[in-house]
Structure formats: structure tokens, C-alpha cells
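At position 6 of the sequence shown (counting the first as 1) the number is 40 in the numbering used here, and the numbers step up by one without a gap. Following: one structure in C-alpha cells, then a few remarks.
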Amino acid sequence: MLTLLLSAFGVLMVYSASSYTAKTQYGDEFYFMKKQLLGFVLGAGVMGFAGFFDYRKLKKIRYIALIVPLVLLALVFVPGIGRSNYGATRWIGIGSVTIQPSELAKYGFVIFASAYMSEHMDAMRTFKGMLPVLAAGGAVCALIILEPNMSVTMCVGLLMLAMIFLGGMKMRWFLVILVPALVAVPVLILMEPYRLLRLSAFLDPWASPKDEGYQLIQSLYALGNGGWFGTGLFRSRQKYRFLPFAESDFILSVIGEEFGFVGIFFLFLLCGILIWKGIRTAAESDDFFSFLLASGITLVYGIQTIVNALVVSGSIPPTGLPLPLISSGNTSLVITMGSMGILYAISRRNAMARAGKLEKNHKM
35 MLTLLLSAFG VLMVYSASSY TAKTQYGDEF YFMKKQLLGF VLGAGVMGFA GFFDYRKLKK
95 IRYIALIVPL VLLALVFVPG IGRSNYGATR WIGIGSVTIQ PSELAKYGFV IFASAYMSEH
155 MDAMRTFKGM LPVLAAGGAV CALIILEPNM SVTMCVGLLM LAMIFLGGMK MRWFLVILVP
215 ALVAVPVLIL MEPYRLLRLS AFLDPWASPK DEGYQLIQSL YALGNGGWFG TGLFRSRQKY
275 RFLPFAESDF ILSVIGEEFG FVGIFFLFLL CGILIWKGIR TAAESDDFFS FLLASGITLV
335 YGIQTIVNAL VVSGSIPPTG LPLPLISSGN TSLVITMGSM GILYAISRRN AMARAGKLEK
395 NHKM
């Protein structure tokens, strides 16, 4: 219900944030909303199926779950198949339909890592034993950074570190991996001039108010204009082409403008409850695969939600990353809703196992 509520709210906010741009650019103010509504319907169907699917079968297809997204990430660079936008090649185009493979890759890695680590619990305490998980996560990160997409790369990197920690890796090996990972961040920033510009815009956006600092300034204007209670639904000013990507990466700015601090507080209260439910589902799991799978799904949602909020508020350098279940984008919406269905399936099995134990104890 939380997932459906947040996703339905996302459809509403995509319309609010995109109506003006959609009308001027496509002649239809409902253009983006229609696409989001289609994603919502498809996502609800996938979530319903996943909620009653025996998720333990995912262990058998762990290699497929990893290899297929890797192949799709590679196809992004094939001329005629890959689609580019704003200097980045992150999509696969099939007619009018586009797919973002990085969204699949995150969950493919979670399935592979959960299956491998649950079957090699003792090996995960050695450096050699964790190499397959590191290789899988490294391959995903390498292909995503080539798009280029540093924000998703960092999210996958954080996900990988969290997963191997939960998988039982010894602290000394964890630190051996963590230190190079931290060093890699500034190296990746220095490799691309535009990332340096974004970093400087983060430090002082008003130094380049019409260039790199423009988006963050407009986001802060939107949040500031919202005040405590907002300007009201559909009454955002920044969506009138002042704020770039208002319906996608920076939709939280429009939410803040229209619903104010109080609205954002309640939105993140719901997000927090969803994350807490995921943590509880993982904690209550009676087998290691269920624990890791629930943890991984929760981590993907939680990391991306937190990073998006930090970007929009100017707490970290600006980067393109959607707000899960809310931002415009069918691939992200359908896959995230599907993953929540799997999370529900795990919690449902946990409840059935507890009920079985209680019944058994009662008979005894």
C-alpha cells in the first residue's frame, strides 16, 4: 500500500511538474503524465505478480539476472541501439520505447550477490571468496561510468560495499576495499572536466548562476518559495522552465515548492516507513538468502532516495538521479515497484513461517 500510495503521488506530481513543458514542447500537457500512468499500471501488475512469486527461485537464475543487464549495458554503446541525451548514452531504444539498463543492473547485482553469498558463507570471510561479488559489482560500475553516469555508479558502489559487509566479510578486508573506493571518487571527478565544474558549482553556485550553478540555484529558489506549507498543488513557479528536469531528477524541488517543508516531511516519513519495513523484513528472515535479498532491495531504494534528497537540497554536488517511485521514468518505476513486490513476498513468507511456528508450539 505504501508503494502504491507513493507511486500514485508520483503520477500526480509528474503532471504538476511537467504540464507546462509538455504543452509547449509536445502540445499535450498530459504527455509525461500519460507515460507515468502507464508505468504505474504496468508496475502495479509486476508488483502483484512478484508479491506472490516464490522468490527463492531467483537463486537458480542468478547468473542470468547478472549477465542480461551487463549485456544490455554494453548494447547502450552500439550505434543504432543506444540512445543519447544531454551528452550521456544511458538508454536502449526499441522504436518509441526506451529502457535504462542501469535500473535492471542494480537489482540483477542484488540477486546475484544474495545467491552467491548465501551459498558461500564461509568463503565470504576470505578475500578470495568475495572476489566474484566484487567482480560482478565492478563490472556493473565500469559499464555505467562509461555512459557516463557517476551518480548511479556511486549508488551501485555503495550498494556493493553494504552487501559484502552484510555478507559477513571480515572488517580488515572491508577496509582494504573501502579505502581504494574512497580514493576512486576524486579520481573520477578529476577525469572529467564537467564533474569539476559541477563540484565548483556545488561549493559556490552563485559564482556561475547562468551555467553550472543554475540548476541548484533554481532548486533552492523552489524550496525557499515553498516555505512551511507551500504555494499549493499545481502552483509551482519554477516548473515554468526555470528549473531543468523538474519532472524527473528535481521533482522533489517542485514538491517542496507546492507542499512546503511540512509536505516534504510527510513524504519522507512515508519513505522512511517503507525503508523501515524493508529492514524489518530482512531482520525477520529465517534464511540468509532472504535476509540478503530484502536488505539489497531496501538498500537500492534507500540509497537512491537519500542521495536525491541531498542533491536537491544542495548538500552534495548536483548529479542526475531520480527519486524512486516519484520521478518521471517508466523503467525505474516498473522495476522499483516490482522489487517492492519481492520484498512483500519475503515478508509474507516470514509471516507464514512465524504463524507455523506458533501453531506448532500451541499443539505441543
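Cβ coordinates follow ideal geometry from the N, Cα and C atoms, glycine included.
Nonlocal neighbours in the same chain, by C-beta distance under 6 angstroms from residue i, ignoring five residues either side
i           : result
residue 375 : 81, 84 and 85
residue 157 : 163
residue 144 : 330
residue 92  : 145
residue 183 : 124
Presumed contact (8 angstroms Cβ cut-off) between residue i and residue j, rounded CB distance
i           : j           : result
residue 357 : residue 342 : 4 angstroms
residue 280 : residue 52  : 7 angstroms
residue 54  : residue 67  : With a Cβ gap of about 12 angstroms, residue 54 and residue 67 do not count as contacting.
residue 327 : residue 380 : 7 angstroms
residue 352 : residue 249 : 6 angstroms
residue 107 : residue 115 : Not confirmed; about 12 angstroms, so no contact.
residue 199 : residue 170 : No, residue 199 and residue 170 are not in contact; Cβ-Cβ is about 16 angstroms, not under 8 angstroms.
residue 292 : residue 264 : 5 angstroms
Residue from the options with nearest C-alpha to residue i
i           : options               : result
residue 153 : 35, 337, 368 and 325  : 325
residue 112 : 310, 126, 303 and 104 : 126
residue 337 : 255, 387 and 312      : 312
residue 148 : 136, 385 and 330      : 330
residue 332 : 150, 201, 289 and 316 : 316
residue 261 : 294, 241 and 46       : 294
residue 269 : 282, 283 and 287      : 287
residue 256 : 303, 277 and 389      : 277
residue 266 : 282, 274 and 290      : 290
residue 334 : 347, 87 and 197       : 197
residue 72  : 99, 98, 131 and 35    : 131
residue 206 : 159, 189, 247 and 183 : 159
residue 79  : 390, 41 and 236       : 41
residue 275 : 59, 43, 36 and 35     : 59
residue 44  : 378, 366 and 387      : 366
residue 185 : 378, 98 and 354       : 354
residue 258 : 76, 389 and 298       : 298
residue 193 : 168, 237, 46 and 88   : 168
residue 390 : 166, 47 and 320       : 320
residue 235 : 296, 301 and 348      : 348
residue 218 : 187, 177 and 318      : 187
residue 387 : 98, 318, 128 and 47   : 318
residue 177 : 89, 101 and 76        : 101
residue 373 : 89, 282 and 150       : 89
residue 161 : 128, 150, 151 and 204 : 204
Contact set for residue i: own chain, Cβ-Cβ below 7 angstroms, skip 5 residues either direction
i           : result
residue 339 : 305, 357 and 358
residue 191 : 175 and 215
residue 103 : 135, 138, 139 and 142
residue 57  : 63
residue 173 : 104
residue 212 : 195
residue 155 : 202 and 322
residue 378 : 85
residue 254 : 348
residue 282 : 356, 361, 362 and 363
residue 65  : 56
residue 151 : 158, 167, 201 and 326
residue 47  : 285, 288, 289 and 360
Exposed unless 16 or more other CB atoms sit within 10 angstroms - verdict on residue i
i           : result
residue 252 : buried
residue 134 : buried
residue 383 : buried
residue 284 : buried
residue 241 : exposed
residue 96  : buried
residue 243 : exposed
residue 39  : exposed
residue 74  : buried
residue 323 : buried
residue 179 : buried
residue 209 : exposed
residue 346 : buried
residue 303 : exposed
residue 385 : exposed
residue 35  : exposed
residue 308 : buried
residue 165 : exposed
residue 301 : buried
residue 61  : exposed
Cutoff 8 angstroms; reference residue i; Cβ partners in own chain excluding five residues on either side
i           : result
residue 69  : 362 and 364
residue 344 : 350
residue 189 : 140, 334, 337, 338, 341 and 355
Any alpha helix (DSSP H) of 4 or more consecutive residues that is wholly inside the region 317-382: The qualifying runs are 322-346.
Within the region 178-255, ranges of the alpha helix (DSSP H) (whole runs, at least 4 residues): 184-200, 205-225 and 227-237
In chain order, each alpha helix (DSSP H) run of at least 4 residues that lies wholly inside the region 260-306: none
Length-filtered (4 minimum) alpha helix (DSSP H) runs lying within the region 110-179: 135-153 and 165-179
Contained alpha helix (DSSP H) runs [length at least 4] in the region 65-106, N- to C-terminal order: 65-85
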